[in-house]
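**Q** Quick note: the sequence shown, position 7, residue 6 per numbering that gives the first Met the number 0, numbers continuous.
Here a beta-carbon is modelled for each residue, glycine too, at the ideal position from N, C-alpha and C.
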Amino acid sequence: MFTGLIQHIGKISDIKNSTQGKIISVSIDIKEFQEFNNVKIGDSIALNGLCTTVISLSGNSFTVNLMNESLKRSILGDLERSNPVNLELAMTAGGRFNGHIVQGHVDTVGKIQKVTSDGFSKVFSVLCDTKYIVEKGSITLNGVSLTVSNVEDGLFEVSLIPHTLKNTTFQFLKEGDFLNVEYDILAKYIEKLTFFKDNNFVNNSSQKIDEKFLLENGF
Numbered sequence: 000m001f002t003g004l005i006q007h008i009g010k011i012s013d014i015k016n017s018t019q020g021k022i023i024s025v026s027i028d029i030k031e032f033q034e035f036n037n038v039k040i041g042d043s044i045a046l047n048g049l050c051t052t053v054i055s056l057s058g059n060s061f062t063v064n065l066m067n068e069s070l071k072r073s074i075l076g077d078l079e080r081s082n083p084v085n086l087e088l089a090m091t092a093g094g095r096f097n098g099h100i101v102q103g104h105v106d107t108v109g110k111i112q113k114v115t116s117d118g119f120s121k122v123f124s125v126l127c128d129t130k131y132i133v134e135k136g137s138i139t140l141n142g143v144s145l146t147v148s149n150v151e152d153g154l155f156e157v158s159l160i161p162h163t164l165k166n167t168t169f170q171f172l173k174e175g176d177f178l179n180v181e182y183d184i185l186a187k188y189i190e191k192l193t194f195f196k197d198n199n200f201v202n203n204s205s206q207k208i209d210e211k212f213l214l215e216n217g218f
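1. Roughly how many angstroms separate the alpha carbons of Asp-197 and Gly-58, rounded to a whole number?
2. Among Gly-153, Lys-121, His-104, Ser-116, whose alpha-carbon lies nearest the alpha-carbon of Asp-128?
3. How would you write the range of the alpha helix (DSSP H) that His-162 sits in, first residue to last?
4. Whose CA, out of Lys-113, Ile-184, Ser-24, lies closest to the CA of Leu-172?
5. Based on Cα-Cα distance, which residue from Val-143, Asp-176, Val-150, Leu-178 lies nearest to Lys-165?
6. Decide if Glu-87 is buried, meaning its Cβ has at least 16 other Cβ atoms within 10 Å, or exposed.
7. CB-CB under 6 Å to Phe-85, same chain, minus the five flanking residues each way: which ones, in chain order?
8. For Thr-115, tell me which candidate among Ile-160, Asn-37, Asp-106 has the shortest Cα-Cα distance.
9. Kindly provide the ranges of any alpha helix (DSSP H) runs that are 4 or more residues long and lie completely inside the stretch 94 to 130, ordered along the chain.
10. Among the residues of its own chain, which have a CB less than 8 Å from the CB of Val-105, if the five just before and after it don't count?
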């Protein structure tokens with residue numbers, strides 16, 4: 000599990016393609032990312048929000064496998080050498096929970112429609128399926144835990160303060176760029192539970208949570 004608080008910006012140093020997926024190597028600045036000294040083969044690292052497993056280590060770099068499913072669901076298939084990537088180590092059991100629950104399971108890809116200034120913050124408008132997105136709720140973009148400032152059908156906005164811009168790859172993003180999107184896991188579970196009845200999932204968009212529904216389900 001992750002928190003969505005980026006610890007370091009790494010750089011793609013090598014990419015190997017195969018029919019099974021891709022093997023990607025990422026270089027880091029060990030002086031700035033001292034937590035990396037504790038990383039072992041088999042550990043999890045979120046790479047632009049996608050949970051990956053370290054398969055090899057070499058000084059100031061590590062290597063991961065990206066399977067075809069991950070490449071289809073995310074923007075990682077479009078990465079090139081020297082591209083910057085957001086990195087976060089998996090949360091430890093005793094770690095402080097600063098962001099929100101981030102699984103590292105990318106749901107879809109969003110597209111930046113517009114970037115505007117609002118005081119000292121930058122507002123990113125993102126085109127994406129907004130089914131699981133609510134205003135003031137949490138969203139993960141390229142591994143960054145953010146708060147939704149506005150949402151419409153097929154479009155939502157997030158505002159980033161200078162600190163977040165400086166310490167994530169958002170500083171390099173512009174209109175037309177694509178992002179990895181992970182919805183809040185709570186929203187997806189609530190949807191499942193809402194349509195769960197008689198030990199079966201009911202595919203019925205007209206199902207409503209009302210007094211009758213609550214009584215029938217033991218509330």
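**A** Taking the coordinates as given:
1. Position 198 of the sequence shown, counting from 1, holds the residue named residue 197. Position 59 of the sequence shown, counting from 1, holds the residue named residue 58. With a pLDDT of only 47 at Asp-197, under the threshold of 50, the placement of this residue in the model should not be trusted; the figure read from the coordinates follows. Their backbone Cα atoms lie some 55 Å apart in a straight line.
2. The residue labelled residue 128 in the question sits at position 129 within the sequence shown. The option with the nearest alpha carbon to Asp-128 is Gly-153.
3. The sequence position of residue 162 within the sequence shown is 163, counting from 1. 161 to 165 is the extent of the alpha helix (DSSP H) around His-162.
4. Within the sequence shown, residue 172 is the residue found at index 173, counting from 1. Measuring from the Cα of Leu-172, the nearest candidate turns out to be Lys-113.
5. Taking the first residue of the sequence shown as 1, we reach residue 165 at position 166. That would be Val-143, whose Cα lies nearest to the Cα of Lys-165.
6. Here residue 87 corresponds to residue number 88 of the sequence shown, with the count starting at 1. Result: buried.
7. Stepping through the sequence shown from its first residue, residue 85 is reached at position 86. The question names Phe, but residue 85 in the sequence shown is Asn. Contacts found: Ile-5, Asn-47, Asn-141, Gly-142, Thr-167, Thr-168.
8. Sequence index remark: in the sequence shown, residue 115 carries index 116 (1-based). The shortest Cα separation from Thr-115 among Ile-160, Asn-37, Asp-106 belongs to Ile-160.
9. none
10. Your numbering for residue 105 matches position 106 in the sequence shown. Closer than 8 Å at the Cβ level, and outside the excluded window around Val-105, lie Gly-48, Leu-49, Ser-69, Arg-72, Ser-73, Asn-179, Val-180, Glu-181.
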